[in-house]
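Visitor: The structure's right below; bear with me while I get my questions together.
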């Protein structure tokens, strides 16, 4: 079972969350999500456990205070597949979101970049 944990204190480390959930059985994986650019915690994470143990952990830990914050713990929902964005929005040539030619956000032709 994949468990979603939110409202995690930003100073909490993966191993601390793992220890908390280990009280209810074997933790298969535990990961606090971090910002790609800064490496700082985003305040949520995921824990994987067996269904039975995970259910017990959710029941016991949802609303429990941990490292000064009240955790929100629930079964993780499957991630929705979103269409990948294309960064090539040109419709004619030139630069930017053109629909004809030239530069910038032109919808006609020509135009100056400066």
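Residue numbers (the UniProt record's numbering): 1 to 114.
The beta carbon of each residue, even a glycine, is placed where N, CA and C say it ideally should be.
The alpha helix (DSSP H) that contains residue 58, what's its start and end?
Guide: Residue 58 sits at position 58 when you count from the first residue of the chain shown. Its alpha helix (DSSP H) spans residues 51 to 61.
Visitor: Taking the alpha-carbon of residue 66 as reference, which of 50, 85 and 8 has the nearest alpha-carbon?
Guide: Here residue 66 corresponds to residue number 66 of the chain shown, with the count starting at 1. Minimum Cα distance to residue 66 is reached at 8.
Visitor: Kindly indicate which residue of 30, 36, 50 and 22 has the alpha-carbon position closest to the one of residue 13.
Guide: Within the chain shown, residue 13 is the residue found at index 13, counting from 1. The residue with the shortest Cα to Cα distance from residue 13 is 30.
Visitor: Can the beta-carbon of residue 45 be found less than 8 Å from the beta-carbon of residue 33?
Guide: On the chain shown, position 45 is the one that residue 45 refers to. On the chain shown, position 33 is the one that residue 33 refers to. Yes, these two residues count as a Cβ contact at 8 Å.
Visitor: Taking just the CA atoms, how far does residue 53 sit from residue 75?
Guide: Counting from 1 along the chain shown, the entry for residue 75 is found at position 75. Counting from 1 along the chain shown, the entry for residue 53 is found at position 53. Cα to Cα, the separation comes out at about 12 Å.
Visitor: Can you name the start and end residues of the beta strand (DSSP E) that residue 19 belongs to?
Guide: Walking along the chain shown from the start, residue 19 turns up at place 19. Residue 19 -> not in any beta strand (DSSP E); alpha helix (DSSP H) instead, spanning 14 to 22.
Visitor: To the nearest whole angstrom, what separates the beta carbons of residue 49 and residue 21, a pair I think is in contact under 8 Å?
Guide: Position 49 of the chain shown, counting from 1, holds the residue named residue 49. Position 21 of the chain shown, counting from 1, holds the residue named residue 21. Right, their Cβ atoms sit about 7 Å apart.
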